[in-house]
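Structure first, then comments.
Numbering (my numbering), first residue to last: 1 to 326.
This is the structure in structure tokens:
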């Protein structure tokens with residue numbers, strides 16, 4: 001209990017024993033406390049260094065405990081002074097960090113008017129970490145695919161927790177197919193348990209991260225994030241990115257909810273698959289957009305054809321259109 005004041009557990013136990021009966025010698029203290037002679041002598045040295053015992057004024061060669069109201073209060077006052085000095089150092093460091101960050105941000109904005117090119121995956125990740133650490137109101141993201149592995153979750157856990165504790169809203173949109181991936185499903189549970197929100201749609205058109213609706217990170221090549229990204233601050237481009245997110249969020253299915261069906265008995269994913277097939281996408285192409293395998297696409301199309309009582313995909317398209325499914 002008194003470790004904060006610099007007392008070890010043995011010294012604290014001995015101090016309490018000495019306060020109870022100051023006249024006991026080493027042998028009696030060893031018997032009553034269960035400590036060895038060496039432990040007692042070491043603890044006595046510790047108490048003496050902390051000015052919690054002092055030579056007796058009445059018996060030469062003996063020690064007398066200092067009252068807790070005096071000795072411990074003095075140690076507590078010293079600890080408070082040390083903590084106050086440490087807090088002043090922390091505040092000075094925080095001020096220095098804020099000044100350095102502001103200078104860095106000003107330098108970044110001088111380099112470009114509307115967009116800054118982030119040429120590598122490392123620079124993208126580093127900038128996302130900066131933005132997350134300084135987010136004030138919300139972090140929004142569109143996530144087309146890719147499992148959230150345990151190491152990736154661990155890397156972002158602290159920043160997400162800190163942001164949520166500051167009152168920052170975290171909202172993420174993922175593909176419906178993520179429910180089939182254990183790692184990404186674990187990430188969704190982890191995020192929502194922290195207080196974040198996640199919703200799903202059949203197709204996420206492109207990866208985007210939006211912070212406080214004042215900056216967006218968009219990939220140079222949506223198919224390969226290794227090519228880097230653009231940091232966008234142009235009001236017009238931000239308006240487009242935010243509108244895309246808001247539209248998808250309004251129609252997306254909250255994580256943990258049962259996938260809804262419409263008046264025709266179709267899920268959003270099934271209707272999207274029919275639209276892709278009608279547009280001429282192959283099973284492989286449709287699977288890439290939906291985040292599922294070509295085999296799964298074939299199985300789902302077979303089920304839809306059976307429900308439409310169609311013998312071919314062409315016939316299925318005609319009957320789907322006739323029923324208002326398209």
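Where a beta carbon is used, it is the ideal one built from N, C-alpha and C, also for glycine.
Closer than 8 Å to a non-hydrogen atom of the ligand SAM - does that hold for the CB of residue i?
i: residue 324; result: Looking at this structure, you won't find the ligand SAM or any other ligand, since it has none at all.
Secondary structure at residue i, three-state DSSP: helix, strand or coil?
i: residue 206; result: coil
i: residue 214; result: coil
i: residue 200; result: strand
i: residue 112; result: Unreliable positioning characterises residue 112 in this predicted model, as indicated by a pLDDT of 49, which lies under 50. The coordinate reading is nonetheless provided below. If DSSP states are grouped into helix, strand and coil, residue 112 belongs with coil.
i: residue 235; result: helix
i: residue 311; result: coil
i: residue 169; result: strand
i: residue 229; result: strand
i: residue 254; result: strand
i: residue 65; result: strand
i: residue 53; result: strand
i: residue 147; result: Model confidence at residue 147 stands at a pLDDT of 46, short of 50, so the residue's coordinates are unreliable and nothing is read from them.
i: residue 182; result: helix
i: residue 268; result: helix
i: residue 177; result: helix
Report yes if the C-beta distance between residue i and residue j is below 9 Å; otherwise report no.
i: residue 199; j: residue 255; result: yes
i: residue 201; j: residue 268; result: yes
i: residue 121; j: residue 228; result: yes
i: residue 224; j: residue 136; result: no
i: residue 79; j: residue 6; result: yes
i: residue 66; j: residue 51; result: yes
i: residue 55; j: residue 47; result: no
i: residue 316; j: residue 304; result: yes
Which residue wins for smallest C-alpha separation from residue i, given the options the options?
i: residue 230; options: 242, 98, 215; result: 215
i: residue 257; options: 197, 239, 203, 248; result: 197
i: residue 203; options: 64, 158, 273; result: 273
i: residue 45; options: 10, 91, 129, 194; result: 10
So, at 8 Å on beta carbons, what are the nonlocal neighbours of residue i in its own chain, with the 5 sequence-adjacent residues on each side left out?
i: residue 17; result: 24, 29, 32, 33
i: residue 232; result: 114, 115, 215, 216, 217, 218, 238, 241
i: residue 84; result: none
By Cβ distance, which residues of its chain are closer than 7 Å to residue i, with the 5 residues on each side in sequence left out?
i: residue 282; result: none
i: residue 129; result: 159
i: residue 319; result: 308, 310
Write down the C-beta distance between residue i and residue j rounded to the nearest angstrom, noting that I regard them as a contact closer than 8 Å.
i: residue 277; j: residue 313; result: 6 Å
i: residue 248; j: residue 170; result: Residue 248 to residue 170, Cβ: 16 Å. No contact.
What does a CB cutoff of less than 6 Å around residue i pick up in its chain, not counting 5 residues either side in sequence?
i: residue 287; result: 293, 294, 297
How about residue i: is its C-beta nearer than 9 Å to some C-beta of chain B?
i: residue 5; result: The structure shown contains no chain B; it holds only a single protein chain.
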